[in-house]
Amino acid sequence: MGKIQKKGERGAANNYITRTQAVKKLQLTLPDFRKICILKGIYPHEPRKKRKLAKGSSAPKTFYYAKDIQYLAHEPMLEKFAETKIFVRKIKKALGREELDTVQRVRDQKPRYTLDHIVKERYPTFPDAVKDLDDALSLVFLFSTMPRQGRIQTGIINKCRVLAVEFMHYVVAARCIKKVFVSIKGFYIQAEIEGNDITWIMPHQFTTPPPTNIDFKVMLSFLELYTTLLGFVNFKLFSNLNLIYPPKALEEVFTEKSRVYFGDDIYRERLESLNIKLAEVPKDDDDDEIDEELLMGDETLETLAATRKEEGEFKALFKDCKFFLGREIPREIIVLIIRSLGGQVSWDSDSGVASTYDESDESITHHIVDRPSQSHQFLSRCYIQPQWVFDCVNQRKLLTVDEYVPGAILPPHLSPFVHEGAYVPPEQVELLSRDRKDDEDDEKKGESDKKELSAEDKKLALMAMPKKRKALYNKMVHSNKQKAKVVNKLKRKREEIDTSKGAKKQTTAK
Amino acid sequence: MLKRKVEDILGDDTTVGAPDGEDEVVEEFSLSEEEEMSEEEEDDVDFGDVVDRPGDYEDDECSSDEEEIRNRIGNIPMEWYDDYDHIGYDIHGGRVGKSSKQGDQLDKLLDRMDNPDFWRTVRNKVEGEEIVLKDDDVSLIDRLKSNKFPDLGYNPYEPWVDLFSQDKLDTPIVDTPEPKRRFIPSRHEHKKVMKLIRAIRNGWIKPRTDESENRKPSYYDLWSTGPDPNTKTHSNHIPAPKLPLPGNEESYNPPEEYLPTEEEKMAWENADEEDRKLLSKKYSCLRHVPAYPQLINEKFDRCLDLYLCPRKMKMKLNMNPEDLLPKLPKPKDLKPFPSAKAVKFSDHEGHVYSIDSNKSGEFLVSGGEDKIVRIWEASTGRVLSRYTLPDTITSVKWDKAQNIIAAAAGNTVYFINSGLGDKLVSDAAERTLSKDLKEHETCTWYPVTDGEEGLKMKITHHHGVTGITWHASGKYLAVTMRDSPNCAVLIHNLQKASSQKPFNKSKGQIQQVAFHPNKPFFFVLTQRYVRVYNLVKQAMVRKLVCGVKWASCMAVHPKGDNLIVGSYDKTLVWFDMDLSTKPYKSLQQHKKAVRDVCFHSRLPLYSSVSDDCSAIVTHGMVYDDLVKNPLIVPVKVLRAHKPCTKYGVLCNVFHPSLPWLFTGGSDGDIWLYV
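Protein chains in written order, with our numbering: chain A, 1 to 510; chain B, 1001 to 1674.
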């Protein structure tokens, strides 16, 4: 006979711990516990037999892995939390006694901490960090547009803004933009960084008052981690491109002295315009690009070369274009796109610093305006609406400008992120069919092998299925049906719209 | 004068420098003031006027107070006039407007662009005028910011003029006698110093460190060293799933079909705020797109999800649901099986509880709620004979060996010799059934003489009979009874006219019993288990766990190694007794309770009938090869009976040789499927 097992020494009872227990064990307050969980990336777990663990009560309870909490207990940040608690107590005491010099002295010894070690721990390698950049970028970009007179400290907003600008500079310098999408929520941008597709959202350039029903403490904890992470990532990205970090304009027109008195403002604004060339770290000349000649011969390498060439062409999409932006254009995003695809861009010098050429420049090829009529038009350039730029990027080629002239009714702006099984409007079908021509041949081969079961046979086969499998099958069929319902509804709507349009045309023709 | 100006300049933080700089300069002032204070403490005599230090700005402070302020309101805080359009009054008491030069943020911005001297222009709030700093002033600020002496010409190391030398002058400057405190060390000071010393020794006071020097660069190459093998990462961390990417519906200019109709808009407005999905909107140009205030709420929700949601790995099946269907042989390859309804036998009124066919399959016997046992011609549906019994007939069974029909009605089992078929066999049956009155402990055997012709014998029990089963040899008949815990099963021996009680105590409510076709085994079906007894050894051989809540019926495969059990919870369970005591397969084919199951005696078929008015014929092939598992393929769903009450089809039986199926239902019909 084996050793008698005692209750609560093995299994779920030992593996899970409730939140209250965890907070008690770590000797923290609940907000501190939340913060440490956010910083360390600890999340609750759902035990399999929750009722049993909760000793029969069905009240909602959060469970954590006991090992996770054990791991938290070794965190040096906990010490800092304790120090901060003491610091606050000392300040309060001194203030209460009106000992101002003590207050000053204690304040000088305010406990400070950095999150470097946590970032290193959570993302042991650089690719790990890059993979998890989506949320960080979205939050940093969001906070960079927050109102400065609001509840959030200006320092935090400025820091976010600086990091966001730095990151955009990297995107411009690395030319890694892939897809853009103008949504009613903001601009979605997808860039390929170190082989990972990173998507983030840039809000529209209006500051909205932050809502009151939100616990900003939580968001700020996340932001603390994300700003640290993004700073390190920016540093690494810049150094990978041999750029100086923090970014510096290549032509330092501002001498050190005048920079001081101009305030950092203008310098910062120039940097934020994204329209300057960045200074590089001086380096030796040895390009490690793949030798084109070596690639010839081998088939796989040839396809690789072809894709590389295509990539290169896409990265220089706006190479021969010279843009001029009207005042009403959201400048930052447009400049980001144009510059990261190799174009030149400028704007009226009255509307912002760092414009490189005038409106009257004859070599301008595209003038982006967002108003129905233009007072004075140059004949040497085409006037277009901003959507042209976005659609060009998503279709990876320069489109004709006919549909995008000012005042024209624009073609629909389609999402470059197509979901599997979602409804695809006819405009998009054409685009997709072009890309997928090659894949189709393979699919056809596969289809011929399959034999469709009749409805009755299917029913009978379903009977012979085990219960679990059958439930799964039914679920899948149900969800497919639901999806198809949405798709069909949109299809029907489209057909109705098309027929009504056709009828209108006919009547007008008569 | 100069100092005040500098303060004004520094006070206006929009024009000059970062806030840090300001702090430093102010500190500098306070320090120097302290210095001066201590100096004054040391020397009781003020030599401020005697020694003329060039550019000593401290001295100017007193004079600045006396300087005339040239404005309308005098030396009062300027912010008192912040809310008014005027500032002060003229000699007639009329309001004097604020100078238009002040301007707002926009003017400032424009000014910054146009005015080359903007950066060196400061505003004197008190006098309301713009002052362009001269180069001297700028250099003064420069020096102040870099913690230098404000005056360029100031020499801190001037030769010391020793006024109080040890040399006694003929005419002393001060002639008062030295006070005593000059010679005694101050206790108060001593105490203070000691306090500080103690604090420093104990580490309570630390020297102020210059942060700007000690601070590391905030960002550096964190990943230069590679992952640290010593840092523990917490076990099985699941990375958070990424947010789904936006589709066309989120576009600022979506295709028209995405735009909501009026009804959809209404539905959206009426919906709960949590259920609301994004409503598409179309803007004619990018200029018209407004801010999206809910974005921050969405990001907040994402943050909450990241730290509050339990995470779990879930395998997402990205496959066609059709691929999940088992690969089974096609039903048409498994013919023959009954596939169409052929003959309707309609004479019964009320439910048909039980049917059975004779050995050859020519005739069918049925009994039900109307208390009449009917014998039918199977191929035509003609009633050959009727036997009226005094009670509802729960079960009729036709013995294949001796051609005797047993029918259970109430407490009694009746035996009928129909006289159909072989004459020799029916004569033998006649002999078997001609028994005298015999009383047992549990039942009584009666000969029937006065009933209809063919009705030969009856056995009366103490309790209502629920089911009867013949042994394959025809010698034994097993009877199950309800409400009798210690006498639930009886086995009658027709040869010896004896009855025996195999179990003293029944374990659970017995649903059905069955004999093994060729071995002395006896199957007893209770609510959840099938118990297999060896009748010779009088011991339980096996206990099969059905895994259902309430089993209703069972059938033994003609070879005896396999068993199917139907249940009221819609499930049909197949046992392979060589394999395990657990079900080999559990099938949920019916939508309602399974009422009856039966095997075909020759063909690899079985059928199950249920309350959903359907009979499902299944191909159930059992191989002689022990390694090969039985093949189970549902081949046909037969529907003929009409739903009448909550019951559907109640009984079924296969033709002994042909692929025909008979089913009796609650609507009073019997159907033949061929």
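Ideal Cβ positions, reconstructed from N, Cα and C, are used throughout, including at glycine.
>> Could you check whether the segment 199–208 of chain A touches the segment 1272–1281 of chain B, counting it as contact only if at least three pairs of C-beta atoms, one from each stretch, sit closer than 8 Å?
In response: no
> Quick one: Cα of T508(A) to Cα of G502(A), how far?
Replying inline: 10 Å
> Is the beta carbon of T228(A) less than 7 Å from the beta carbon of L115(A)?
Replying inline: yes
> Just curious, the beta strand (DSSP E) that Y1606(B) is in, first and last residue?
Replying inline: 1605–1610
> How many angstroms separate the CA atom of D1020(B) from the CA atom of N1147(B)?
Replying inline: The predicted model places D1020(B) with a pLDDT of 39, which falls under 50 and marks its position as unreliable, so this point remains unresolved.
> Relative to chain A, which residues along the segment 1292–1311 of chain B have a C-beta separation below 9 Å, given in chain order?
Replying inline: Y1292, P1293, Q1294, L1295, I1296, N1297, E1298, K1299, F1300, R1302, C1303, L1304, L1306, Y1307, L1308, C1309, P1310, R1311
>> Can you tell me whether Q387(A) is buried or exposed? The criterion is at least 16 other CB atoms within 10 Å of its CB, across all chains shown.
In response: buried
>> Let me check one thing: in DSSP terms, what residues is L1455(B) bridge-paired to?
In response: I1416(B)
>> Let's see if you can read the secondary structure: which residues bound the beta strand (DSSP E) around A1615(B)?
In response: 1614–1621
>> In whole angstroms, give me the CA-to-CA distance for T1388(B) and R1431(B).
In response: 23 Å
> F314(A) and R396(A): beta carbons closer than 7 Å?
Replying inline: yes
> Based on Cα-Cα distance, which residue from S1601(B), P1241(B), L1490(B), E1377(B) lies nearest to L1672(B)?
Replying inline: E1377(B)
>> For N336(A), would you say it is in contact with chain B, using Cβ-to-Cβ distances shorter than 7 Å as the test?
In response: According to the sequence as given, residue 336(A) is Leu; it is not Asn. L336(A) does not count as touching chain B.
>> Based on DSSP bridge pairs, tell me the residues matched to S349(A).
In response: Answer is none; S349(A) lacks a bridge partner.
> Any Cβ of chain B within less than 7 Å of the Cβ of Y473(A)?
Replying inline: yes
>> Just to confirm, is the Cβ distance from P416(A) to P1255(B) under 7 Å?
In response: no
> Which residues share a DSSP beta bridge with K179(A)?
Replying inline: Q190(A)
>> Below 8 Å on the Cβ atoms is my contact criterion, and I expect P1630(B) with M1621(B) to pass it. Report the Cβ-Cβ distance as a whole number of Å.
In response: 6 Å
> What do you reckon, is the C-beta of N1504(B) under 6 Å from a heavy atom of the ligand MG?
Replying inline: As for the ligand MG, it is missing from this structure, which has no ligand bound.
> Under 7 Å between the Cβ atoms of S349(A) and S355(A)?
Replying inline: yes
>> Excluding the 5 residues flanking R175(A) on each side, which residues of the same chain have their C-beta closer than 6 Å to its C-beta?
In response: K315, S340
>> For T1460(B), which residues in the same chain have their Cβ closer than 7 Å to its Cβ, ignoring the five residues on either side in sequence?
In response: N1411, T1412, C1443, T1444, Y1446
> Can you find a C-beta in chain B that's less than 7 Å from the C-beta of A461(A)?
Replying inline: yes
> Among H1600(B), V1536(B), A1615(B), M1577(B), which one has its Cα closest to the Cα of K1570(B)?
Replying inline: A1615(B)
> Applying a beta-carbon distance threshold of less than 7 Å, which residues of chain A neighbour V1289(B)?
Replying inline: I184, H204
> Are C1598(B) and V1653(B) touching if we call contact CB-CB under 7 Å?
Replying inline: yes
> Taking Cβ-Cβ distances shorter than 7 Å, what residues in chain A pair up with P1254(B)?
Replying inline: P412
>> Quick check: is the beta carbon of E1250(B) nearer than 7 Å to any beta carbon in chain A?
In response: yes
> Around the Cβ of F1164(B), are there at least 16 other Cβ atoms within 10 angstroms (buried) or fewer (exposed)?
Replying inline: exposed
>> Using the Cβ count rule (16 or more neighbours within 10 Å means buried), how would you classify H1348(B)?
In response: buried
>> So if I threshold CB-CB distances at 8 Å, which residues from the segment 1328–1361 of chain B count as touching chain A?
In response: L1328, K1330, P1331
>> Run through chain A and tell me which residues come within less than 7 Å of W1281(B), C-beta to C-beta.
In response: Just to set this straight, residue 1281(B) is Lys in the shown sequence, not Trp. The answer, in chain order, is I184.
> Taking DSSP as the reference, what is the three-state secondary structure of D1356(B)?
Replying inline: strand
>> From the DSSP secondary-structure annotation, give me the bridge partner or partners of D1090(B).
In response: Note: D1090(B) sits in no beta bridge, so no partner.
> According to DSSP, is W1660(B) helix, strand or coil?
Replying inline: coil
> Since Y1219(B) meets chain A, which of its residues come closer than 8 Å, beta carbon to beta carbon?
Replying inline: G231, F232, N234, F235, Y245
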